[in-house]
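Novice:
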Ligand code: SF4
């Protein structure tokens, strides 16, 4: 969805690597997140059991998704909300814009929703001439900077405190007292307060959709969701269809995993359940509530190799623990969702040809799957994309030819012996000192590091030459 | 030990060890024999297939897999001095051949008897090396595939504890990937370099004389980066140390 | 075909085969909640009240324990004085509060956008997490819990439940759900700037619990 998709991944990641400020910002936030998560789990002895239960809950929902969607629709409707369905991102935006127009909306407030980003809602509101006020602090920063989120939990994590201060100094009147985080938070509180109360429509996302009550559940730490959803006349929720859970209790079981994995807390400051519009006699609340259920590629994932990804509860742990993300940050990925989960989802959303680098720009180290609270086998899913990429012929001709040659040898041990013997002798000529500092066909390696040369003939040569299984040449 | 109780193990050398550092293969043979095994090296082996596997070329991977299965199924165990290759054989092959009525079950049977060498020595053979002495300090990096696909963590540490004089130093981020990733390091060299650069920082901060690990690919990556920076840290595969090779040339040192 | 029908039919095609009957699905869903003690942390203290207090204080909330509802104004007064706040405060329109003698305090029903302090009533406390639960309603203005800088919350000790599921069990069906149920777990905060924690982002920066032992 992001405009950045159009420039290449390599160019974007090179730019990110060349930006020391970005690295500082990434390290500060992911480092804290990693430490806090570890501490939270150290105090949660039941984590592994909770984790497999959480995965089972999500699997159960997906296996009965039609049932739960209908149940949710029934209960949400009975609570007075109106449920809308959108098959694609543009359908979803069209519905939201139409609802805003029907409400005569000039100003809408929005509390952070990655689904909103996924469907391109911020831009759609802009094109429709509706003033959009992002109320989550990070989204406020992003909006001032004219950027997209670089992390699903900390959308502005690519910006240092000093950079945020610059934005606020330019926009906030009066500007923050200094560039300490506390002063800047104060300043945003002050600036946004008036806008909350004068908005016509409030738009939020949902972490869970509760089938048996028809409620939507949202967690925020700032309190901006309530301020977004309570004062306006109309509240619109956009949510992916995979967000269903059978009941509030199931949501609680997943919340324990979500919050610990995301921020290292036990429960986010505000966990709120919205069930329909203002009831007769209620002291406050919106007159109308709309819920837009968005498919956008999800129903297709049920039947293919990416079904496990529908368990994702968007905690961000996989990116916080990803060595690649921690070097290049979120924008380099070029999609709405970065990191390992983004590398799986972006090809679904934007097409594999657009995002083919993502599944390959991974060392397959497995740490993402290890920390995922719903046991998503992310490397396996990335491997599935690699398989699709290969079968679709998206690999370049050089790569295909190289692998074909390798495969031909690997399947003929005799020939392989000969070829490896020759290769090793060639490398030994280059590496007389032990190290090879530059190698024409492996420039990617030797540009950054030396290559230790082979220590002698191949193992197989030396082993067979001895004609024995008990070599004496061990050092 | 009587002949009958000595397991017959097939050593899967790995393509990297075969070409770049055969000493690791010989160290493996020595340790396995010392642990009471009869070791053979089937000649119908080349590579486990990871270059194709990690590129999405499943057909070529399956072809290589069938060759490995055929060569090693006669043995009691298949032993590999690499967590990454062992992981591919244990988890990749059965998944890849799952729908094949003949090869699927054969892949599953081979997977069950495939072990990374350090975990085999400790978990299956209950082996402790004897009479080892090496003055110096070392730090240990947990290679990802061994750690996460096979649960190798305590075994190398237990084996290394048997080396007299060797002081083990903690490595900050010991479980964090070194940035090798097979094809990754040549496809995305700049990202890989940034990752291994941080790894080299933590290795140097450990203050250890030596860096040990269980996978030659990761070791070549880390050793190559350390050498480019002029670091004096010497890198070995753990089983070289356990086979008494700690005073010989380290990775990249002139033989 | 409407988007609704096309989405549902795509899901059904994807899932394949015959669909499970609702009773079987409900039974499976119930099984997924079995043995809750194996998937949640035990309470941090022996009693609900002690566990609740320990958790809320760890989150940065303060707790005052009183013996009856009548003591609420005095407790509020102590807090306001301690914080150097004015005696003019927003108070929830609960019947319970209306009959109290507020003495020197000047309670008002309206809550200003930048109100320094407000007094509200929580329906429940949750011992597992130290959370306070508020429900929107005729007497409860949700904004009262979000606009002020200091949120003073009156909670009856007897209404503290043990775990999150014990509260969740009260919300079954839309009939039992208020428009808005909020679990408040500590003061508002953000880590959006470099991951460092700052209190009072949009909501209250201070949460003070007045725990009433009047059972
Ligand atoms: S894939 Fe797992 S770790 Fe990553 S965001 Fe989703 S739930 Fe969290």
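Residue numbers (UniProt numbering), protein chains in the order written: chain L, 1 to 475; chain G, 1 to 255; chain D, 1 to 215. Think of the CB as a built atom: it goes at the ideal place given N, C-alpha and C, for glycine as much as any other residue. All values reported here derive from a predicted model rather than from experimental measurement.
Relative to chain L, which residues along the stretch 82-109 of chain D have a C-beta separation below 8 Å, given in chain order?
Specialist: From the stretch 82-109 of chain D, only 93 have a Cβ closer than 8 Å to chain L.
Novice: With a floor of 3 residues, list each beta strand (DSSP E) that falls wholly inside the stretch 307-372 of chain L, ordered by position along the chain.
Specialist: none
Novice: In the DSSP assignment, what are the bridge partners of residue 17 of chain G?
Specialist: None; residue 17 of chain G has no bridge partner.
Novice: Considering only the alpha carbon of each residue, which of G:232, G:234 and G:214 lies closest to residue 115 of chain G?
Specialist: G:214
Novice: Could you tell me the boundaries of the alpha helix (DSSP H) in which residue 61 of chain G lies?
Specialist: That run of the alpha helix (DSSP H) goes 58-72.
Novice: If residue 233 of chain L sits next to residue 200 of chain L, beta carbons under 8 Å apart, how far is it from one beta carbon to the other, in whole angstroms?
Specialist: 6 Å
Novice: What number of angstroms, rounded off, separates the C-alpha of residue 280 of chain L from the C-alpha of residue 122 of chain D?
Specialist: 21 Å
Novice: Near residue 183 of chain G, what residues of its chain come up, given a Cβ to Cβ distance below 7 Å and the 5 sequence neighbours on each side ignored?
Specialist: 51, 54 and 55
Novice: Going by DSSP, name the residue or residues bridged to residue 204 of chain L.
Specialist: Under the DSSP definition of a beta bridge, residue 204 of chain L partners with L:237.
Novice: Going along chain G, which residues have a C-beta under 7 Å from residue 327 of chain L?
Specialist: 191, 194 and 195
Novice: So what's residue 394 of chain L in DSSP terms, helix, strand or just coil?
Specialist: Coil.
Novice: Within 7 Å: the Cβ of residue 316 of chain L and any heavy atom of ligand 1?
Specialist: Proximity of the beta carbon of residue 316 of chain L to ligand 1 is indicated: a heavy atom of the ligand is located closer than 7 Å.
Novice: As an exercise, report each continuous beta strand (DSSP E) stretch of at least 3 residues that is fully enclosed by the UniProt domain "LUD" (120-212) of chain D, in chain order.
Specialist: 124-126, 131-135, 150-156, 180-184 and 206-212
Novice: From D:140, D:102, D:133 and D:90, pick the residue whose C-alpha is nearest to that of residue 119 of chain D; which is it?
Specialist: D:90
Novice: Could you tell me the distance, in whole angstroms, from the CA atom of residue 58 of chain D to the CA atom of residue 265 of chain L?
Specialist: 11 Å
Novice: Given a cut-off of 8 Å on the beta-carbon distance, is the pair residue 109 of chain D and residue 157 of chain D in contact?
Specialist: no
Novice: Counting along the chain, where does the beta strand (DSSP E) carrying residue 106 of chain D start and finish?
Specialist: Note, residue 106 of chain D: beta strand (DSSP E), 106-108.
Novice: Look up residue 25 of chain D in the DSSP assignment and say whether it is helix, strand or coil.
Specialist: helix
Novice: Would DSSP call residue 139 of chain L helix, strand or coil?
Specialist: helix
Novice: Please find out if some non-hydrogen atom of ligand 1 comes closer than 7 Å to the beta-carbon of residue 142 of chain D.
Specialist: no
Novice: Just to confirm, are residue 106 of chain D and residue 88 of chain D a CB contact at a threshold of 8 Å?
Specialist: yes
Novice: So what does DSSP say about residue 140 of chain G, is it helix, strand or coil?
Specialist: strand
Novice: Does residue 232 of chain G come within less than 8 Å of chain L when only Cβ atoms are used?
Specialist: no
Novice: Specify the secondary structure class of residue 19 of chain D as computed by DSSP and reduced to three states.
Specialist: DSSP places residue 19 of chain D in the coil class of the three-state scheme, outside both helix and strand.
Novice: Cβ closer than 9 Å: which chain D residues qualify as neighbours of residue 275 of chain L?
Specialist: 171, 174, 177, 178, 179, 180 and 181
Novice: Output yes or no for whether 8 Å exceeds the beta carbon distance between residue 132 of chain G and residue 36 of chain G.
Specialist: no
Novice: Between residue 6 of chain L and residue 357 of chain L, what straight-line distance do the alpha-carbon atoms span, to the nearest angstrom?
Specialist: At residue 6 of chain L, the pLDDT of 47 sits below 50, so the modelled position is not reliable; the number obtained from the coordinates is stated separately. Distance between the alpha carbons of residue 6 of chain L and residue 357 of chain L: 13 Å.
Novice: Whose C-alpha, out of L:197, L:142 and L:215, is nearest the C-alpha of residue 175 of chain D?
Specialist: Looking at the Cα atoms, L:215 is the closest of the given residues.
Novice: Quick one: grab the DSSP three-state call for residue 61 of chain D.
Specialist: coil
Novice: Quick one: list the residues of chain B neighbouring residue 45 of chain G, beta-carbon separation under 7 Å, in chain order.
Specialist: Going by chain labels, chain B is absent from the structure shown, which instead holds the protein chains L, G and D.
Novice: So, does the stretch 23-43 of chain D touch the stretch 45-64 of chain L, judging by three or more C-beta pairs under 8 Å?
Specialist: yes
Novice: What's the C-alpha gap between residue 207 of chain L and residue 120 of chain L?
Specialist: 18 Å
Novice: Between the Cα of residue 324 of chain L and the Cα atoms of G:64, G:140, G:196 and G:240, which residue gives the shortest distance?
Specialist: G:196
Novice: What residues from chain G crowd round residue 447 of chain L, counting only those whose CB sits closer than 9 Å?
Specialist: 189, 190 and 193
Novice: If you reduce the DSSP assignment to three classes, tell me which class residue 164 of chain G lands in.
Specialist: strand
Novice: Excluding the 5 residues preceding and the 5 following residue 184 of chain L in the sequence, name in chain order all residues of the same chain whose CB lies nearer than 7 Å to its CB.
Specialist: 164, 165, 168 and 176
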